[in-house]
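Adding 43 to a residue's 1-based position in the first sequence gives its number in this note's numbering.
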Amino acid sequence: MPELPEVETAKNGITPPLLGKAIQSITINRPNLRIPFPKNMKQSLEGQKCINLRRRGKYIWIDFENNLTLVIHLGMSGSLTIDKTTSSPHDHVVFTIQDGTTITYNDPRRFGMMFFVETGKEHNHKAFLNMGPEPLSNDLNAIYLIQKLINKKSPIKTALLDQSIVAGIGNIYACEALYRANISPLRPSNDITEEEATELIIYIRDILNEAIISGGSSLRDHRQADGTLGYFQHTFDVYDREGQTCKITGDKIIRITQSGRSTFYCPEKQM
DNA sequence: CGGGCCACCTGGCGGC
DNA sequence: TGCCGCCAGGTGGCCC
Numbered sequence: 044m045p046e047l048p049e050v051e052t053a054k055n056g057i058t059p060p061l062l063g064k065a066i067q068s069i070t071i072n073r074p075n076l077r078i079p080f081p082k083n084m085k086q087s088l089e090g091q092k093c094i095n096l097r098r099r100g101k102y103i104w105i106d107f108e109n110n111l112t113l114v115i116h117l118g119m120s121g122s123l124t125i126d127k128t129t130s131s132p133h134d135h136v137v138f139t140i141q142d143g144t145t146i147t148y149n150d151p152r153r154f155g156m157m158f159f160v161e162t163g164k165e166h167n168h169k170a171f172l173n174m175g176p177e178p179l180s181n182d183l184n185a186i187y188l189i190q191k192l193i194n195k196k197s198p199i200k201t202a203l204l205d206q207s208i209v210a211g212i213g214n215i216y217a218c219e220a221l222y223r224a225n226i227s228p229l230r231p232s233n234d235i236t237e238e239e240a241t242e243l244i245i246y247i248r249d250i251l252n253e254a255i256i257s258g259g260s261s262l263r264d265h266r267q268a269d270g271t272l273g274y275f276q277h278t279f280d281v282y283d284r285e286g287q288t289c290k291i292t293g294d295k296i297i298r299i300t301q302s303g304r305s306t307f308y309c310p311e312k313q314m
């Protein structure tokens, strides 16, 4: 599921059942996801009360009373579900809350991960040390962005996927934001003007905010924590629309490959 | 050091 | 129907 809007949706979904409550028990069904589970994960969290939930980029941060923050990344196919009624071989971790509510982490491809950081020292961890600003905060602005792009020859689409430039943007929202901003994904990063950067940031924020309001995008049947489907995918302008017509120009949406990943765009609209 | 490529995994889909 | 290749919302290691 997981770019910023889907991660935000997942975090918001598990907040009501988890915030202010203690973990009663944890069942871990395999030794690892992309990396091994912390070997003390069960012992460290059982009986601990959750005191805050945060998000940084595509990572969820869950703070506990014992000064440990559980970091969860959903990889490509991870999801968190409250009181899941059907089980699957890919239900890797089940958190049972003090009132009996369960939160199940499911991840068929197992590209996700969980690890601990000391609360307040998150930024010392290598995952966050070099992470760029949150796109929905004022830390992302045109001056900053231009300065990051000025020495980059690689295409702007690739730069938007670089988490050290901006946090949380993935393949869908990079394509969609560039479409709205009328910027070709092929444009060299160092070719982007301050004016264009200003516009691009506005569209990045718009698209992420709209997706969050829609409950994120539900590709491949991915669901929100309460089991409902996000519906932002129905409003994609270019992503996964190869061969279909651009809603603005009427021309065909093209799919190309950049750095090994699909890019969708309208060559007539995006220059 | 920047950037491209590939590996990590499983599953769904289209083509033959 | 069945098999095979290709593709998938991410990240990071390796190699030029």
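Beta carbons: idealized from backbone N, C-alpha and C, even for Gly.
Run the CB neighbour count on residue i, radius 10 Å, all protein chains shown included, and call it buried at 16 or more, exposed below.
i: T106; result: Here the sequence assigns Asp to residue 106, which means Thr is not the residue at that position. When all chains shown are included, D106 counts as buried.
i: Q267; result: buried
i: H265; result: buried
i: N149; result: buried
i: Y274; result: exposed
i: I115; result: buried
i: L172; result: exposed
i: S261; result: buried
Measure the alpha-carbon distance for residue i versus residue j and round it to whole angstroms.
i: L183; j: F138; result: 35 Å
i: N55; j: K312; result: 35 Å
i: P79; j: K92; result: 24 Å
i: C309; j: D205; result: 22 Å
i: S227; j: N214; result: 15 Å
i: L111; j: H166; result: 14 Å
i: K169; j: N75; result: 19 Å
i: P48; j: Y187; result: 22 Å
i: I199; j: E237; result: 13 Å
i: K82; j: E253; result: 39 Å
i: I291; j: A224; result: 13 Å
i: K64; j: I247; result: 35 Å
i: T147; j: L123; result: 5 Å
i: S131; j: E239; result: 46 Å
Pick from the options: whose alpha carbon is nearest that of residue i?
i: T271; options: R304, G258, M314; result: G258
i: R98; options: I57, P74, I69; result: I57
i: S207; options: Q190, K82, V160; result: Q190
i: Q67; options: G143, L117, P132, I297; result: G143
i: A53; options: L117, E285, T292; result: L117
i: A185; options: I125, S197, V209; result: V209
i: E285; options: T162, F307, I103, I255; result: F307
Who are residue i's beta bridge partners in DSSP?
i: M156; result: H116
i: I125; result: I146
i: D134; result: N149
State whether the segment 276–283 contacts the segment 215–226, with contact taken as three or more CB pairs (one from each stretch) at a distance under 8 Å. yes
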